[in-house]
Structure formats: C-alpha cells, structure tokens
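Report on the structure given below.
2 protein chains.
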Amino acid sequence: MGQGDAEGTAPAPAQAELAQTFAGWRTKAFEAARCPVRNVLDRTGDKWSILILTALAGGPHRFSAILRLIPDLSKRMLTQTLRDLERDGYIARTVYPTKPPSVEYRLTALGGTLMEPLAALVRWAERSHPEIEAARVRFDGG
Amino acid sequence: MGQGDAEGTAPAPAQAELAQTFAGWRTKAFEAARCPVRNVLDRTGDKWSILILTALAGGPHRFSAILRLIPDLSKRMLTQTLRDLERDGYIARTVYPTKPPSVEYRLTALGGTLMEPLAALVRWAERSHPEIEAARVRFDGG
DNA sequence: CTGCATCCGACGGGATACTG
DNA sequence: CAGTATCCCGTCGGATGCAG
Numbered sequence: 001m002g003q004g005d006a007e008g009t010a011p012a013p014a015q016a017e018l019a020q021t022f023a024g025w026r027t028k029a030f031e032a033a034r035c036p037v038r039n040v041l042d043r044t045g046d047k048w049s050i051l052i053l054t055a056l057a058g059g060p061h062r063f064s065a066i067l068r069l070i071p072d073l074s075k076r077m078l079t080q081t082l083r084d085l086e087r088d089g090y091i092a093r094t095v096y097p098t099k100p101p102s103v104e105y106r107l108t109a110l111g112g113t114l115m116e117p118l119a120a121l122v123r124w125a126e127r128s129h130p131e132i133e134a135a136r137v138r139f140d141g142g
Numbered sequence: 001m002g003q004g005d006a007e008g009t010a011p012a013p014a015q016a017e018l019a020q021t022f023a024g025w026r027t028k029a030f031e032a033a034r035c036p037v038r039n040v041l042d043r044t045g046d047k048w049s050i051l052i053l054t055a056l057a058g059g060p061h062r063f064s065a066i067l068r069l070i071p072d073l074s075k076r077m078l079t080q081t082l083r084d085l086e087r088d089g090y091i092a093r094t095v096y097p098t099k100p101p102s103v104e105y106r107l108t109a110l111g112g113t114l115m116e117p118l119a120a121l122v123r124w125a126e127r128s129h130p131e132i133e134a135a136r137v138r139f140d141g142g
C-alpha cells in the first residue's frame, strides 16, 4: 500500500489540525531560526522558564523571592532565564532604586496568555503521568 | 509594599490554576526525576519530537518516509527520538518482516490525546509570533 | 531499509568568587 | 540585594561508517 496513510489511529481533530500545519511548514520552508513554534518550545523546553513563569503566575516577585521559591535554582540561571523571558516579552522588569536596589518581575499580558495553553499541557501531563509510567515499565522491563 | 502580590497583571484563570499547581509542587517536593511535567517537557522541548509527532499525526509512516518528510533530520536522531517516544508510549512500532525489513510508526491513543494541548500551544505560538518578534526588537535595539 | 557504534564539536547549566 | 565573570563538565546532536 505504499505510503497510503490516514488511518490506524483515529485522526482526532487536533491531529488533523497539526498535520495541516505541518504540511504548511514543509512547503514554505521552516528556516528554524524564525519558526514561531521553535522559538516558544526553546523556552518552555529549558530547565527553568516554566518554573519561573509559574512562580510569577501567582503575582509579581522579587529576584531573591523567586530564588527562594524554586529549589536548586542558582542565581546564574535565574538571571539568564529572566533575561531571555524578558527579551521575548513574557515578563517585565521593574527596578526600584532603594538603598539596596530591589527589582520586581511580573508577567506581561503576553506572558499571561501563554499560561492558558501551558496550563492545558500541564494538566495533560499530570493526567497522563500514570499511563506514561506504565509505558516505560512495559518498554524497559518486558 | 513588600511581597504583597496578586495584582499588576490581571490574574487570568489559567494563571491562578498554574500558581495553585506550583504551590502544590513546592510542598510535596518535586524530585525532578518523577515530575510529570518535566517528563513531558523534556520530550516536547527537544529538537525533533514535536516534528516527528506532527508528521505521524497525518497517519502512520515508515522510517525513511519520516526522514524524507523532515529536512535536516538525521538517521541517528530519528532512531533515538523514535525510541524515546515509543518508550513513553506516544507512538507504536510495527515491524513487517519483508525482504528488506520495513517498519511503520504510528501515534498511539496516548500520543493522540497529546496532540490537543500541543495544538493549542502551536496555535498560541503562531498567533503570538509577531508580538514576540516585536518584544525582541524592542529589547535588542532600543 | 532500518538501525547501531564511534568520534567530536557546541551548548546548557552547575559551582564558585567578585562587583555596585 | 541583584547581578557579573570564570571555569568546567555532561549531554545533545551532527557526520560518518558498519551491520542485519
């Protein structure tokens, strides 16, 4: 049957949509660099962005407050990740020139809208966790 | 105003939800290794998983078919990524013992349900692309 | 055709120490 | 308090070659 496809797994609506989007990518060249999806996934995929965004979802926080909130997060990575997030417009930085300078970070409107699809993904991850674990045991052990 | 938060950006429902989830993480220790979200993001965040899943969203495909569909994807990375995806139960592998062996990969039910939140994220990425680009120009240039 | 092994460069990210 | 600079190592991933 050659490359005949479109069956096997019931093609849910989301699948069809993604398949469609993907078809578009191949045709008009996804130069990688300016691929919107890649840009977003490069952030959400790294080690700390999600955690930091999630922390800020509860309200604005100061540098050291975030540091205290997230275990194992170093100053170095916090600084760097905050810079990246700010550059992409997900968060905003406000400096208060007090005696010991204090800096506050908060979600922007853009960052806020990202929370929605992100929450959906998080929900999926938690819901599917048992099934994924089971699949791993099956794959590794048997 | 100290740590007083819960304002600045209108706390959308998704934000509140994520903030809630995050609070839970900190309390019951997110050992990283068995964190469901981390498990999922480790996949979606890597270089090829999404592309491959998206390709399979259009229907089952053979090894070399996927290779041809995705530019710049090497055999090495395709093999490795397929293994990881199979291990987590996102895709299924079927071997047809023909003269030159042919192997078909297809989305599982679990993989299919992942497409939904993933499509939402992709949609968000494409919709927000201009705004992100603008933020970058603002940050870099001015 | 499908997959594994090896080599190797690039990059993420941790530890530590120093500055305004 | 909020960064910056340096070192260093583990992993990701590309190139190539070999094997069922």
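Chains E and V supply the protein sequences, listed in that same order. Anchor point for the first sequence: position 82 equals 82 in full-length UniProt numbering, and the numbering is continuous, going up by one each time. Anchor point for the second sequence: position 84 equals 84 in full-length UniProt numbering, and the numbering is continuous, going up by one each time. Just so you know, even glycine gets a beta-carbon here, dropped at the ideal spot from N, CA and C.
Just so you know, the alpha carbons of V:Ser74 and V:Ser102 end up roughly 18 Å apart. Counting only the Cα atoms, E:Arg26 lies some 12 Å from E:Cys35. By the criterion of at least three beta-carbon pairs nearer than 8 Å, the segment 16-24 of chain V is in contact with the segment 113-125 of chain E. The C-beta separation of V:Asp88 from E:Ala135 comes to about 6 Å, placing the pair in contact by the 8 Å criterion. The distance from the Cβ of E:Val137 to that of V:Leu121 is about 28 Å, inconsistent with a contact at the 8 Å cut-off.
Under the Cβ criterion of 8 Å, E:Phe63 is not counted among the residues facing chain V. Note on the segment 56-135 of chain V: whole beta strand (DSSP E) runs with a minimum of 3 residues are 91-96 and 102-107, in chain order. Closest option to E:Arg106, judged by alpha-carbon separation, among E:Pro60, E:Leu85 and E:Ala65: E:Pro60. Interface flag for V:Trp124 against chain E is set, since a Cβ pair is found closer than 8 Å.
The Cβ atoms of E:Leu78 and E:Ile66 sit closer than 8 Å to each other. E:Arg127 and E:Glu133 have their C-alpha atoms some 11 Å from each other. Judged by DSSP secondary structure, E:Asp42 falls within the alpha helix (DSSP H) whose first and last residues are Pro36 to Thr44.
For the options V:Phe139, V:Arg123, V:Phe22 and V:Arg43, the alpha carbon positioned closest to that of V:Gln80 is the one of V:Arg43.
By the criterion of a C-beta distance shorter than 8 Å, E:Ala55 is surrounded in its chain by His61, Ile66, Leu69 and Ile70, once the five residues flanking it on both sides are discounted.
Taking 8 Å as the cut-off, the Cβ atoms of E:Leu110 and E:Tyr96 do not count as close.
Closest in C-alpha terms to V:Val37, from the list E:Ser64, E:Trp124 and E:Gly141, comes E:Trp124. Under the Cβ distance rule, V:Ser102 does not count among the residues neighbouring chain E, no pair being separated by less than 8 Å. Residue-level contact by beta carbon holds for E:Met115 and chain V, with a gap shorter than 8 Å. For V:Ser49, the number of other beta carbons within 10 angstroms of its own is at least 16, and it is reported as buried. For V:Thr108, the number of other beta carbons within 10 angstroms of its own is at least 16, and it is reported as buried. The CB of E:Thr81 never comes closer than 8 Å to any CB in chain V; the least such distance is about 14 Å.
Distance check between V:Arg83 and each of E:Ala23, E:Pro13, E:Phe139 and E:Thr21 places E:Phe139 closest, using alpha-carbon atoms only. E:Ala92 is classed as buried because its beta carbon has at least 16 other beta carbons within 10 Å across all chains shown.
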